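Residues in the sequence shown are numbered consecutively from -15, following this note's numbering. Notes for the one structure printed next.
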Amino acid sequence: MLTSSESLRYTLLSLAATYVLDYFPNEDIRTRANAYYQRAVALLSDALSQPEEQMIGGGDSLVGTIVVFIMHDTVTWEHRRPKSQVPRWLEGARLASRILDATDPGYRYWHSPENVQSTTAYTSNTVLVARAAILGLLMTPLDPIHTKGQFGWLLHGIERNARKVHGGCGFSPKLLHIFAQITQLASQMALEPSSVILPKGAEYIKSKLANLRQWSELSPETDGYASTEALLDSCVLNEHGVIECPKKMTDLGAEAWRIAAQIYLQCRFFRLPRSHAEVMTNCRRLSECVRRMPCYGPLFTAQAPLFPVFLLGLVSVSEEDFGIARNWFETVLSATSCRSSVPPVWDALKILRIWVDGEITDEPHIDMIPVGQRQPWWEDIVAHATETVGTLCLM
-15 MLTSSESLRY
-5 TLLSLAATYV
5 LDYFPNEDIR
15 TRANAYYQRA
25 VALLSDALSQ
35 PEEQMIGGGD
45 SLVGTIVVFI
55 MHDTVTWEHR
65 RPKSQVPRWL
75 EGARLASRIL
85 DATDPGYRYW
95 HSPENVQSTT
105 AYTSNTVLVA
115 RAAILGLLMT
125 PLDPIHTKGQ
135 FGWLLHGIER
145 NARKVHGGCG
155 FSPKLLHIFA
165 QITQLASQMA
175 LEPSSVILPK
185 GAEYIKSKLA
195 NLRQWSELSP
205 ETDGYASTEA
215 LLDSCVLNEH
225 GVIECPKKMT
235 DLGAEAWRIA
245 AQIYLQCRFF
255 RLPRSHAEVM
265 TNCRRLSECV
275 RRMPCYGPLF
285 TAQAPLFPVF
295 LLGLVSVSEE
305 DFGIARNWFE
315 TVLSATSCRS
325 SVPPVWDALK
335 ILRIWVDGEI
345 TDEPHIDMIP
355 VGQRQPWWED
365 IVAHATETVG
375 TLCLM
């Protein structure tokens, strides 16, 4: 894909030059970086006008170029658009999603033959695009137009592969798709608060999450762990209280995302308060996963569970759990100098945490109140975040 795509090559050169500039500030490199970026934009515009790029089974290089542009805007957060505007990374993700919709060959695990094979480029494109598009919805106002009937291409291939942890995000395409389903259900519930069908759908999602087994290339012979506790018990910790095994790092990261999805479902759809026993139990499990994962050194990679840690810091009522989230952010920022989206997310979390503690109150006897009549406190946080910190890039 790289050798045949000029637009992808120039986009990668521009992104690489951005990192080089951090270590070797130089006007010549800056000029080259800008030239690469402008050339990539021009080539992308030309590619978007080519019909063959959006035919079924095509579009790999086009989507790949947009993915790199998304990465570029993610790490150059100091040059992002004003908070009142849709960020470029999210705009790009939605554009790439539409291209994947148009080029989708339609191979789904529930009706595909076992021998259907997808290219590595196609799989990576679907995961990286969906990661940006779906995670961009978690802290933005509900709008069914961004989730209804979308992201089916995440489930291409056989069922087991949909549960395979992808290196581009640290969890499985199946789990990523479930995040979108939760947001879609919450959108529909906001429109139909008296529905008795939507809570049943959410209960089905809850059951799927409880039974979801993710696996990785580091342990292809297994099918995940039976429970969070089984995974935690299997971890061998060093003198600093963290694991040193790459396989366990992958397993813990994927489990952190699964638990984060459970908390997201509880808070955004079911509207359970932060102090609800089920939410607090999942926060405790999530904090135990995060606590065992080193946030520096060779095991700390792009698979880092940024949203789960952000969620832990936002939702937890226990000072111990919040302290684990705070320590993660502070350690990452002090131990790594590489560009990432961590600094603005940490700044936003500190602002939102203060507001949540002062403004969000828990409804009593919540389990006796129909879902549609409960206070949608997650939407209150989203509205405040949109006004104060803008759209958060949680990847």
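Where is the CB? At the ideal position from N, CA and C, for every residue including glycine. Note that the structure is predicted; figures quoted are calculated from it, not measured.
- Closest by C-alpha distance to residue -3, out of 6, 24, 177 and 51, is 24.
- For the pair of segments examined, the segment 333 to 353 was found not to touch the segment 37 to 51: the number of CB pairs separated by less than 8 Å stays below three.
- Residue 38 counts as buried, since no fewer than 16 other beta carbons sit within 10 angstroms of its beta carbon.
- Closest in C-alpha terms to residue 323, from the list -8, 0, -12 and 13, comes 0.
- Along the length of the segment 161 to 214, whole beta strand (DSSP E) runs at least 3 residues long do not occur.
- Within a 10 Å sphere around the beta-carbon of residue 63 sit fewer than 16 other beta-carbons, which makes this residue exposed.
- If you draw a straight line from the Cα of residue 191 to the Cα of residue -12, it comes to about 44 Å.
- Unbroken alpha helix (DSSP H) runs of no fewer than 4 residues, entirely contained in the segment 40 to 121, are found at 44 to 59, 72 to 87 and 104 to 119, following chain order.
- A distance below 8 Å separates the beta carbons of residue 118 and residue 163.
- Assigned with DSSP and collapsed to three states, residue 378 falls in coil, not helix or strand.
- The three-state secondary structure of residue 256, taken from DSSP, is coil.
- Taking 8 Å as the cut-off, the Cβ atoms of residue 193 and residue 230 do not count as close.
- Counting only runs that start and end inside the segment 235 to 294, the alpha helix (DSSP H) elements of at least 4 residues fall at 261 to 276.
- Between residue 123 and residue 253 a beta carbon distance of about 15 Å is seen, past the 8 Å cut, so the two are scored as non-contacting.
- The three-state secondary structure of residue 130, taken from DSSP, is helix.
- About 4 Å separates the beta carbons of residue 126 and residue 171, which is inside the 8 Å limit, making them a contact pair.
- With a cutoff of 8 Å on beta-carbon distance, residue 295 and residue 329 are scored as not near each other.
- With contacts defined as CB atoms closer than 8 Å, residue 292 and residue 361 fail to qualify as a contacting pair.
- By the Cβ neighbour-count rule, residue 225 is exposed, with fewer than 16 other Cβ atoms within 10 Å of its own.
- Pairing residue 80 with residue 120 gives a Cβ-Cβ distance that is not under 8 Å.
- For residue 368, the secondary structure class from DSSP, reduced to helix, strand or coil, is helix.
- A residue is called buried when at least 16 other Cβ atoms come within 10 angstroms of its Cβ; residue 247 meets this threshold and is buried.
- For the options 210, 257, 281 and 237, the alpha carbon positioned closest to that of residue 317 is the one of 281.
- With distances taken between CA atoms, residue 68 lies nearest to 373 out of 373, 379 and 276.
- Fully enclosed alpha helix (DSSP H) runs of no fewer than 4 residues occupy 326 to 343 of the segment 316 to 346, in order along the chain.
- DSSP places residue 13 within a helical segment (H, G or I) once states are collapsed to three.
- The segment 211 to 219 makes no contact with the segment 174 to 188: fewer than 3 CB pairs, one atom from each, lie closer than 8 Å.
- With respect to the 8 Å criterion, residue 42 and residue 2 are not classified as neighbours on the basis of their beta carbons.
- Taking the Cβ atoms as the reference, residue 112 lies roughly 5 Å from residue 51, within the contact range of under 8 Å.
- A distance below 6 Å between beta-carbons, with the five flanking residues on each side excluded, links residue 300 to the following residues of its chain, in chain order: 267 and 306.
- The beta carbon of residue 114 sits closer than 6 Å to the beta carbons of 135, 138 and 160 from its chain, once the five residues preceding and following it are set aside; these are given in chain order.
- Annotated as proximal: residue 147 and residue 196, with beta-carbon spacing under 8 Å.
- For residue 308, no pairing in a beta bridge is given by DSSP.
- Going by DSSP, residue 138 is part of no alpha helix (DSSP H) at all; its letter is neither H nor E.
- It is roughly 18 Å from the alpha-carbon of residue 303 to the alpha-carbon of residue 244.
- Per DSSP, the unbroken alpha helix (DSSP H) holding residue 6 starts and ends at -10 to 7.
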